[in-house]
Amino acid sequence: MEWFDFAIYGFFATAIGSNFFPSSSPTASLLSTLAVYGVAFLMRPVGGFVIGAIGDRRGRRFALMLSVVLMGLATALIALLPSYAAIGVTAPALLVLLRCVQGFSAGGEWTGSAAFLVESAPSNRRGVTAAVIPMTAALAVTVGACSALLIQSTVAPEDIVVWEWRIPFLAAFPLTLVGLYLRVRLEDTEVFQELKARGDISDAPIRAVGRSGGRNVAISFALSAITVLGFYYIATYVTTFLTVTVTMDRSTALVVVAVGALSYAALCPVMGALSDRVGRRPLSLLGGAGLAVSAVPAFLLMATGVPVVAVLGLVLFGIFEAMHNSTTTVMLVELFPAHMRSTGSAIGYNLGAALVAGPGPLIAAALAAAGAGAGLPALYIAGVALVCTIVLWRVLPETRWRDIGLTEQDARPAAVADAPATP
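Residue numbering for the sequence shown follows our numbering, starting at 802 and increasing by one per position.
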C-alpha cells in the first residue's frame, strides 16, 4: 500500500500543487509539491531507526502492522485536508506533517517486509521470494496510474483539481484495514522465534549496528541510492516528464507509465530467480552499470512523444532497475545477522533513500525546467548509478550462500563447501 500512496501523490502532483501551493507559475507550484514529496524521505531514516529497532525487539510482524496503520491513516487524512484557499498556510503545513508520517512509516516497511519474506523462504529461493516486494510495488504504481487514468477520462479537469484527486487517497483506508487483517493473521518468522527462544534478542539493536554493522550499512546505503532513485523515477517523475516536458497528453502518459510499470513488475521475479542461480553480486553490478548507461537513451526515447517509443524507453530503463532492485531487496536481509537485521538494513536503506533518492524527482524536474535538453533529467540517476556501482564493485560481497539464521556479524556462507561450483 505504501507504494500506491507514494505513486498517487506523484500522479496528482499538479492538482495537489494547485490546492496547497497556489502560484502564478505552474512550474513553481509543481516544484513546491515535489519538494514536499522529498520532505517525506527525510523522515525515512527516523522511521528506519525506530521501526527497524522494533522489528528486532518486538518481531517482524509487529513492525509491519505498525507501518501499515501509520501509512494508511496518513494517506486517508491527506484526502480530507482543506485547501490553501480554505485555511491558508495551515493547509500546506498539515500536508507536510502527514507526508512526514508517511515517510516515517515507509522507513520500516520495505526492509521489514524483506526481512519477513526472506527469513520465511527456502535458502535456494530467497531471491525470487524477495522479488515479490518490488514486483508488488510496481503493481501498486500500475494500479495508481490506472486510477488516475480512470479519473482523468471520466471527470472534467477543473473537477480533478477541486476534489476528484482525493478519491485514490481515500481508498487507502479500506486498504489499510485489509493490510492490517492480513498481517495480524501472520506468525512471526522462525528465525525471530528462534532468537527469542534462545534469549538472543538484542536490547539495543541500534547500538549493535553502530558497533559492528557500519560496513554493511554503508553498502546498503549505496544499494539503496541506486535502486530507490530508479524506482521513484518510474513511479513519480516519468509522468511529470511526459506531461510537462514532452507535453504528452496526460491520459496517454498514464498509459505509458502503467504499461512500463507492469513490464517492470513482470521482470522482478525473473531477476530474483536469476539471482538464485548466478548470485546477487553480478546482477547488482550489472543492473547499476546498466542504469548508468541506459538512463539518458531511455529518456531520449520517451522525449520523442510517440507512445510506443516512450514505452520502449521506459522498459529499457525498467530492465536494469528490476535487476538492481530485486537483488538489493534480498541482499538487505543477507548482509546483516538476525539480531540486528531489521535495524541495520532499515538504517542503510533509508539513509540512501532520504539523502540521494528523495530529492530525485525535484532535481529532475528542475533540470528539465532549465530547458537544456530532454536527456538532462536522466543525468542525476545516471551519475548516482555510476558512482555507487564503482564503489560497490570494490566492496560488495556475494551473499547468496549466507546462513541468515546466524547472529554473528562475521557469519560465513552456509555450507560453502557444498555449494555448486557453478550456478
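Positions of the beta carbon are idealized from the N, C-alpha and C atoms, including for glycine.
Query	Result
Taking three-plus beta-carbon pairs below 8 Å as touching, is the region 863 to 870 in contact with the region 893 to 909?	yes
Beta-carbon within less than 7 Å of Val1196's beta-carbon, same chain only, minus the 5 sequence neighbours each way: which residues are those?	Ile1020
For Trp804 versus Ala972, is the C-beta distance shorter than 8 Å?	no
Using 10 angstroms around the beta-carbon of Ser954, count the other beta-carbons present and answer buried if the total reaches 16, otherwise exposed.	exposed
For a test of the three-state rule: what should DSSP assign to Arg1213, helix, strand or coil?	Annotation note: pLDDT 45 at Arg1213 (below 50); position unreliable, coordinate value reported separately. It is coil, neither helix nor strand.
Examine the ligand NAP and report whether any of its heavy atoms sits within less than 7 Å of the Cβ of Gly1119.	This structure lacks the ligand NAP; in fact it carries no ligand of any kind.
Val979: buried (16+ other C-beta within 10 angstroms of its C-beta) or exposed?	exposed
Would you report the Cα separation of Val1058 and Phe1100, rounded to the nearest angstrom?	13 Å
Can you round the beta-carbon distance between Thr1200 and Gly1089 to whole angstroms, since I take them to be within the 8 Å contact cut?	Thr1200 to Gly1089, Cβ: 16 Å. No contact.
Thinking just about the alpha-carbon of each residue, which of Val840, Val1094, Arg858, Asn820 is nearest to the one in Ser884?	Asn820
For Phe821, which three-state DSSP category applies?	helix
Compute the Euclidean distance between the alpha carbons of Ala1186 and Ser1025, then round it to the nearest angstrom.	10 Å
Please go through the same chain and pick out, in chain order, the residues whose beta-carbon is closer than 7 Å to the beta-carbon of Val760, but skip the five residues on each side of it.	Any property of residue 760 remains undetermined from this structure, which presents the chain solely from 802 to 1224.
Please report the residue range of the alpha helix (DSSP H) in which Glu991 lies.	991 to 999
For Leu951, which option in Ala998, Ala931, Thr1053 has the closest C-alpha, if you only look at C-alpha atoms?	Thr1053
Is there contact here, the region 870 to 887 with the region 1168 to 1185, by at least three beta-carbon pairs under 8 Å?	no
Rounding to the nearest angstrom, what Cα-Cα distance links Ser1064 and Glu991 in this structure?	34 Å
Any chance you could list the alpha helix (DSSP H) runs of at least 4 consecutive residues sitting entirely within the region 932 to 960, in chain order?	933 to 955
Pull up the distance between the alpha-carbon of Ala931 and that of Ala915, whole angstroms please.	6 Å
According to DSSP, is Pro1098 part of a helix, a strand, or is it coil?	helix
Quick check on Ala1260: does DSSP put it in helix, strand or coil?	This structure does not reach residue 1260, given that the chain is present from 802 up to 1224, and the question cannot be answered.
Between Gly1106 and Leu1043, what straight-line distance do the alpha-carbon atoms span, to the nearest angstrom?	8 Å
Ordered along the chain, which non-local residues of its own chain (more than five positions away) have a Cβ less than 6 Å from that of Ala1220?	Only weak support is given to the placement of Ala1220: the predicted model assigns it a pLDDT of 42, under 50, and the value that follows is read from those uncertain coordinates. Correct list, in chain order: Trp1202.
Please work out which residues of its chain come closer than 6 Å, Cβ to Cβ, to Glu920, disregarding the five sequence neighbours upstream and downstream, and give them in chain order.	Thr990, Val992
List in chain order: all unbroken alpha helix (DSSP H) runs of 4+ residues lying wholly within the region 1088 to 1141.	1108 to 1135
Just how far apart, CA to CA, sit Leu1156 and Leu843?	7 Å
Got a sec? Which residues, its chain only, sit under 6 Å from Ala1023 by beta carbon, not counting five neighbours each side?	Cys1189, Val1192, Leu1193
Would Met844 count as contacting chain D if we go by Cβ distances under 8 Å?	No chain D is present in this structure, which holds just one protein chain.
Comparing alpha-carbon positions, which option in Leu1075, Val1039, Asp1204, Thr1144 lies nearest Gly1176?	Val1039
Whole angstroms are fine: how far does the CA of Val1060 sit from the CA of Ile1027?	22 Å
Would you kindly check if the distance between the Cβ of Leu1030 and the Cβ of Ala1158 is under 8 Å?	yes
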